[in-house]
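**Student:** To start, I am sharing the structure in question, which I have written as structure tokens.
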Amino acid sequence: MRAAFNEGQTSADWLKTHSVEIFKLTLKDLLVKGAVTKPNSVESKGQHLQFEASAVNEFEYKLYESIEMYHNRIKWLLQGSKKVFGMVKGSKVALMVDTSDSNCGFGRLSDFRRCLTELIDDQLHSKEMLYMMSFATDTSSLWDSPRFVNIRVLNEARGWVNSLECDGGCNLLSALKAVTRVPDVDSILLVLGSCPDQTSEVVIDYIQQLIVGRDIPINTVAYDCNNHLTNMTLRNLAEVSGGRYHVYTSSSVEQIYSGTDIMLLLREIKQAQDVINKIQEMRQGMLGDALVNILNEISLEVQKLPQSRFLPRPPNHTGALTIEDQPFHPKSSDDWLKQNGLKAKKLSLYQVMAPNAFAPVEEFIPIIRKSVRSTLHEKAMTQFEWHDGSIRNVHVDPAQLFDYQKQLGALVKLYEKRVDWLSRDSRRLFGTIIEKRIVMMIDLSASNINYLIHIQHSLRILLEQQLSNKQSFNVIGFGSEAHCWRPCLQEPTEKNLQSVWKWILGLECGGSRNFMAALRLAMETEDDHKRMTVVEGIYLFTSGIPDQLPDVICSYVEEAAVGQVTKIHTILFNVDDYDSNGAIPGRYANITQTAECLRTLAHVSGGRFHWFRETGIIESDDIKAILSEMDRAVNYSQKCAMLLDSVKKRMPRPKENGVGDSKMGEELKMLPKRPTSGKKALPTAPRHTELSRARINCQDNQEHEEKVKAIGWRPVSANHNLIPTACPVSTKKATTQETSAKKVATPSKNKGIKEVFYTEYKNEVGLLLQREHRRKRKYKPINHPIIPDREEQITTKNWLKKYRLSKLRLDLNKLITGPDCCHTQKHISTLHKNVSAKYCTIFPSVNINGTVKHLQLRAHELKEYEDQVEVVLRRYLRRLQWLLGSSRRVFGSVVEKKVVILVDTSGSMVYHMDELKRELIALIWEQLKKENISFNIIRFSGDVESWRPQIVEPTNENCNDAVRWVSTLVTGGNTCTLEALSHAFDDPNIDAVYLLTDGKPDSSTSRVLQSVASLNTVRCIKINTISFNCKDDAANVFLKQLAAMSRGRYHRCYGHVDGDMFAHKLLANGFQNAQCLELPCFDGDDLHLLGSEINLARQFLSQSRTFRDVFAATPKPHENGKKLDVASSKLVVGNVSS
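Take 3 as the starting number for the sequence shown in our numbering and just add one per residue.
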């Protein structure tokens, strides 16, 4: 009864294998299951039929299952574009679209365009060839002949749909006459939404005469048309040509079910329902005494059913999966802690305290002839036990430890979120599925028969949440015997996930736990070995200990995993069986021994152990690692508190009544805080000092304010409490003389012209300093680079040598990190600390590569810089689109002038050979012929065959002959890469080799590298490797090594659609919110280098905008209040209080 609907079959073809007659569910088949018996009495007349209850119940169940299957197919036929246009059959399709005024007028055109675009994206993109035509009064086609489907053709089709307009009447006869003349078409899709100009009889007669001897079905679609004559014409036209008829209307849902595909399914449903009604009549006594026999046997059959059949099921238990896209690839907690752990974040207490931790000093003193340890640091510092067990003297900085504890608190909150995430959804049941190629092994032993619904529901949650982003998977169920869903690993497509869910619903429990049979089935798969696919992770979901001994299983795992990285993760779900007398042990060992066995099995193979029950998680290696890191963080926090307590105990105690503690002075305490002048008390009756008298004189002479210099006073020591009294000053001149004398004693550090002179006050000498005017910074304008619009046929490395940001003088770090705006601090010896400049607050400061600097570019200069970076970034994006366009998407840029193209035609290329032929033909015309590159083509599989003996000129004749030769390529055989390279080296005229393959060679990769190195020692021919639809990491690494060894380039045609979309969105947004778009990760050399430069330009653009915001947020001097410091006679800028 299981059936897939997306295989591209019509309902008629599908019912050939899924009809009621094929399943033998007709009334005739039911009567065959009955036995003719004699009447119970003489009065009874006619024949009596006797049926077994199990046979009738099974027959009825299959009928209901078939009806559900038909309903599901109808739902599938009403999804997406199939609801509007039906299912498009054929590989070479011609689309005819009605663009008359009746169909496209009255506001219907926008919906019609949307539906056609959905049709192209949903169904037509998978066809081989397409031909598109619109008809109204006249016909108009997009192309002269059918085109092979590719990205360019699909984009042209979408543009053509968006350009459709209304154009008169509906000349259907002329359109049919034109489309039947188009060659290479095996199916016609006619979309009609209005009444044709010709009558139905004329159109039908013409088609009957036209298709005589030809097999071209015309599938008709009545698009939102309520005219019954139009629907009748389209139905007859489809029947005459052997096609199908489909109806779509937005007003009447019933008309949709009148299409050919849905009508056939409704007919099958009616036939199955008739048989079910007959079975109900039998149960009501319509067929004699069969009723009694059936009821008696039903009660016996119910007793034989397993208990799981009567367990409550979750809602929509048998429904289709709702698959969720996982946005990131999960990691185990050990790998996650490598990036987010305490050591990774450099938040280990020993890492934080290392700069302030000192080992005890012990030296040998010759005089006393023994080693003496320093005791000064032990009394001045705190002793702390280090992680290696030694004792170190630590200088404790309370502010630093306070910030450290805040960072620990934030990190513990992150760990709590991680634990909460691990305890929800399917991760609570299975843990995190981290490998890309996995096998799920499910315990279906008899002890789990009452928990089968729970197991199925758990697997449903797992399939919906964690398997969609894997590379391949398989599911194995085991009891006494092991059964697998598929013989080898499969990709987790939606079709495969739905298929495995249907398979899981049919599982039954029974037997013991033959774990070894399931393990051999997972690790000894011949199909996977042929495809060089290795299972990376095996997840065992069980409730008890395996049948085999743990030593036997561990030995087998160690031997089978030699040379592989296969990890076994064990999941133990704890179930309990109860009866009226208590618990019944349903395992070979108790739960503790079972957990120990599974834990050992997981750790031997490098896997993880997970143990849960209905109430929650009991044990999990992932959660245990996070909790251990949290405990370590709490331990560090407690040690911080201990260090702070030790600091508080060593601080000096306050004095009481002016008398200190005499015992405190005997011990060496920590250095007290340096006294400041703000905390010292002045005398009760102070006299005028030199400082106060100078201030009075400055206030009296405001007009000479700039010429008068205040006499500064500083305490000569930390114990100097009183300000010295002023000497008698008679005139302003004497004050100036004393000031000059002070300047002689403390020479200025400012550079300038110095002149010495005698003062009139005794014999003191004065010094005159004339400061030199600093030269203003010369304005360096932002460079306006010019990059040619014409693309150069060179490598990205050589292109960036001329046009990278540093060459264009647009490196933001170099523009800002000049030596003239450094934010420095000056050490003041009297204050014993570093002090910043007085006016640093009015200049914006930024962090450039770990150094704080004043921003020397002004706001308008930054805006000019952003404009130039946007110009360069647009040019980079055009270069990226050029590299992802045409044949460069697959082959990259061919920059050499004499090349050989090596093409892999092994058996693994069978699914991609058509695409490869198209790309080779595009390469010949777009690069080799256009750039005048001499070339030769060699194909290799089990043998090697070349197009020409040597390279030839790209003439028209040679290019046409190469295209014909490429079109004859067929797949088959192995991959003899070394022989192909040796054959290419036989040509003495070549400069480079372009090797295209989809996997590793047949021989050893190391042997290939060594042989190529010996062949290429003298000639130094560049080997450019191309990974074509290759998902094998080992093969891609080999191609990278081969290219790097010969100084060639590695290219991988992957992610081009995302790159085009990224460039388009970034250009469309105008770089206003560019950081929200992420550039796809390109693996090829050319694309990777250009992508790195694009990311750097986006980073500089965002950083420049941030700097402009810093300018806007920095207060300007003219916006703040001003106050005058009389002591220094300088203008000090301060904030005005509100």
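Built from N, CA and C at the ideal position, the CB exists for glycine as well.
Ignore the nearest five residues each way along the sequence and tell me which others in residue 987's own chain have a CB closer than 6 Å to its CB.
**Tutor:** Locating residue 987 in the sequence shown gives position 985, where the first residue counts as 1. Excluding sequence neighbours, residue 987 sits near 1017.
**Student:** Specify the secondary structure class of residue 486 as computed by DSSP and reduced to three states.
**Tutor:** Translated into the one-based positions of the sequence shown, residue 486 becomes position 484. Three-state result, residue 486: strand.
**Student:** Measure the C-alpha to C-alpha separation of residue 11 and residue 1020 and round it to an integer number of angstroms.
**Tutor:** Taking the first residue of the sequence shown as position 1, residue 11 is located at position 9. Taking the first residue of the sequence shown as position 1, residue 1020 is located at position 1018. Distance between the alpha carbons of residue 11 and residue 1020 is about 59 Å.
**Student:** Which two residues bound the contiguous alpha helix (DSSP H) that contains residue 608?
**Tutor:** In the sequence shown, residue 608 corresponds to position 606, counting from 1. Counting along the chain, residue 608 falls outside any alpha helix (DSSP H), and DSSP gives it neither H nor E.
**Student:** Restricting to Cα atoms, I'd like to know which of 144, 103, 71 is closest to residue 96.
**Tutor:** What you label residue 96 is simply residue 94 of the sequence shown in a count that begins at 1. Residue 144 is the option with its Cα nearest to residue 96.
**Student:** First and last residue of the beta strand (DSSP E) that includes residue 132?
**Tutor:** For this step, residue 132 is matched to residue 130 along the sequence shown. Where residue 132 is concerned, the enclosing beta strand (DSSP E) stretches over 131-137.
**Student:** Going by the CB atoms, is the gap between residue 35 and residue 53 shorter than 8 Å?
**Tutor:** For the purposes of this step, residue 53 is taken as residue 51 along the sequence shown, with counting starting at 1. For the purposes of this step, residue 35 is taken as residue 33 along the sequence shown, with counting starting at 1. Taking 8 Å as the Cβ cut-off, residue 53 and residue 35 qualify as a contacting pair.
**Student:** Please return the same chain residues whose Cβ sits closer than 7 Å to the Cβ of residue 532, not counting the five positions on each side in sequence.
**Tutor:** Reading the sequence shown from its first residue, position 530 is the one you call residue 532. Excluding positions up to five away in sequence, the list is empty.
**Student:** Who are the Cβ neighbours of residue 205 in its own chain at under 8 Å, not counting the five residues just before and after it?
**Tutor:** Locating residue 205 in the sequence shown gives position 203, counting from the first residue. The answer, listed in chain order, is 174, 175, 178, 198, 235, 239.
**Student:** Could you give the first and the last residue of the continuous beta strand (DSSP E) run that contains residue 913?
**Tutor:** Residue numbering aside, residue 913 sits at position 911 when the sequence shown is read from its first letter. The continuous stretches of beta strand (DSSP E) do not include residue 913, and DSSP gives it neither H nor E.
**Student:** Do three or more CB pairs link the region 494-512 to the region 532-541 at distances below 8 Å?
**Tutor:** They do not touch, by the three-pair rule.
**Student:** Rounded to the nearest angstrom, what separates residue 468 and residue 351 at their Cα positions?
**Tutor:** By 1-based counting over the sequence shown, the position of residue 468 is 466. By 1-based counting over the sequence shown, the position of residue 351 is 349. Approximately 37 Å between the Cα atoms of the pair.
**Student:** Beta carbon of residue 906, beta carbon of residue 937: below 8 Å?
**Tutor:** Working through the sequence shown from its first residue, we reach residue 906 at position 904. Working through the sequence shown from its first residue, we reach residue 937 at position 935. No, they are not a contact pair.
**Student:** If you run the structure through DSSP and keep just helix, strand and coil, what is residue 646?
**Tutor:** Within the sequence shown, numbered from 1, the residue matching residue 646 stands at position 644. DSSP places residue 646 in helix when its eight states are reduced to three.
**Student:** Kindly list the residues whose CB is nearer than 6 Å to the CB of residue 1054, restricted to its own chain and excluding five residues on each side of it in sequence; keep chain order.
**Tutor:** What you label residue 1054 is simply residue 1052 of the sequence shown in a count that begins at 1. So the list reads 1029, 1085, 1086, once near-sequence residues are dropped.
**Student:** Going by beta carbon distance, what residues of the same chain come within less than 6 Å of residue 361, once the five residues before and after it are set aside?
**Tutor:** Locating residue 361 in the sequence shown gives position 359, where the first residue counts as 1. Within its own chain, the residues whose Cβ lies closer than 6 Å to the Cβ of residue 361, once the five positions on either side in sequence are excluded, are 394, listed in chain order.
**Student:** Starting from residue 878, trace the alpha helix (DSSP H) both ways and give me its first and last residue.
**Tutor:** In the sequence shown, residue 878 corresponds to position 876, counting from 1. Going by DSSP, residue 878 is part of the alpha helix (DSSP H) stretching over 861-885.
**Student:** Between the C-alpha atoms of residue 796 and residue 895, what's the straight-line distance to the nearest angstrom?
**Tutor:** As a first step, residue 796 is located in the sequence shown; it is residue number 794 there, counting from the start. As a first step, residue 895 is located in the sequence shown; it is residue number 893 there, counting from the start. For the pair residue 796 and residue 895, the Cα-to-Cα distance works out to about 7 Å.
**Student:** Using 8 Å as the threshold, is the C-beta distance between residue 217 and residue 195 below it?
**Tutor:** The residue given as residue 217 occupies position 215 in the sequence shown. The residue given as residue 195 occupies position 193 in the sequence shown. No. Outside cutoff.
**Student:** Could you tell me the distance, in whole angstroms, from the CA atom of residue 608 to the CA atom of residue 595?
**Tutor:** As a position in the sequence shown, residue 608 is number 606, starting the count at 1. As a position in the sequence shown, residue 595 is number 593, starting the count at 1. If you draw a straight line from the Cα of residue 608 to the Cα of residue 595, it comes to about 20 Å.
**Student:** So residue 902 packs on residue 995, CB below 8 Å; how close in whole Å?
**Tutor:** On the sequence shown, residue 902 is found 900 positions in, with the first residue counted as 1. On the sequence shown, residue 995 is found 993 positions in, with the first residue counted as 1. Yes, they are in contact, since the Cβ atoms of residue 902 and residue 995 sit about 5 Å apart, within 8 Å.
**Student:** By how many angstroms is the C-alpha of residue 223 removed from the C-alpha of residue 432?
**Tutor:** Here residue 432 refers to the residue found at position 430 when the sequence shown is read from its first residue. Here residue 223 refers to the residue found at position 221 when the sequence shown is read from its first residue. If you take the alpha carbons of residue 432 and residue 223, they lie about 49 Å apart.
**Student:** Less than 8 Å separating the beta-carbons of residue 135 and residue 186?
**Tutor:** Indexing the sequence shown from 1 puts residue 135 at position 133. Indexing the sequence shown from 1 puts residue 186 at position 184. Not a contact, by the Cβ cut-off of 8 Å.
**Student:** DSSP three-state call for residue 527: helix, strand or coil?
**Tutor:** The count along the sequence shown starts at 1 and reaches residue 527 at position 525. If DSSP states are grouped into helix, strand and coil, residue 527 belongs with coil.
**Student:** Using alpha carbons as the reference points, say which of 648, 214, 991 lies closest to residue 955.
**Tutor:** The residue you call residue 955 lines up with position 953 of the sequence shown. If we check each option's Cα against that of residue 955, 991 comes out closest.
**Student:** Using a threshold of 8 Å, state whether the C-beta atoms of residue 249 and residue 98 are closer than that.
**Tutor:** What you label residue 249 is simply residue 247 of the sequence shown in a count that begins at 1. What you label residue 98 is simply residue 96 of the sequence shown in a count that begins at 1. No, the Cβ-Cβ distance between residue 249 and residue 98 is not below 8 Å.
**Student:** Please list the segments of the beta strand (DSSP E) lying wholly inside the region 1016-1041, counting only runs of 3 or more residues, in order along the chain.
**Tutor:** 1024-1029
**Student:** Could you check whether the region 625-638 touches the region 334-345, counting it as contact only if at least three pairs of C-beta atoms, one from each stretch, sit closer than 8 Å?
**Tutor:** yes
**Student:** Taking 8 Å as the cut-off, decide whether the C-beta atoms of residue 1 and residue 166 are in contact.
**Tutor:** Summary: the structure shown does not reach residue 1, with the chain confined to residues 3 through 1140, and so no result is reported for it.
**Student:** Write down the C-beta distance between residue 940 and residue 982 rounded to the nearest angstrom, noting that I regard them as a contact closer than 8 Å.
**Tutor:** Reading the sequence shown from its first residue, position 938 is the one you call residue 940. Reading the sequence shown from its first residue, position 980 is the one you call residue 982. Right, their Cβ atoms sit about 6 Å apart.
**Student:** To which residues of the same chain is residue 945 closer than 6 Å at the C-beta, ignoring the five residues directly before and after it?
**Tutor:** For this step, residue 945 is matched to residue 943 along the sequence shown. The answer is none, since no qualifying residue turns up.
**Student:** Just confirm the distance between the C-beta atoms of residue 807 and residue 526, as a whole number of angstroms; I'd bet it's less than 8 Å.
**Tutor:** Position 805 of the sequence shown, counted from the start, is the residue given in the question as residue 807. Position 524 of the sequence shown, counted from the start, is the residue given in the question as residue 526. Going by Cβ atoms, the distance from residue 807 to residue 526 rounds to 55 Å, so no, they are not a contact pair.
**Student:** Just verifying my parser: in three-state terms, what is the DSSP assignment at residue 224?
**Tutor:** Counting from 1 along the sequence shown, the entry for residue 224 is found at position 222. If DSSP states are grouped into helix, strand and coil, residue 224 belongs with the strands.
**Student:** May I have a chain-ordered list of the alpha helix (DSSP H) segments no shorter than 4 residues that lie completely inside the region 459-519?
**Tutor:** 496-507
**Student:** Whose C-alpha, out of 957, 84, 814, is nearest the C-alpha of residue 120?
**Tutor:** As a working note, residue 120 is residue 118 in the sequence shown. For the set 957, 84, 814, the Cα lying nearest the Cα of residue 120 is the one of 84.
**Student:** Quick one: Cα of residue 92 to Cα of residue 960, how far?
**Tutor:** For this step, residue 92 is matched to residue 90 along the sequence shown. For this step, residue 960 is matched to residue 958 along the sequence shown. The straight-line gap from Cα to Cα measures roughly 36 Å.
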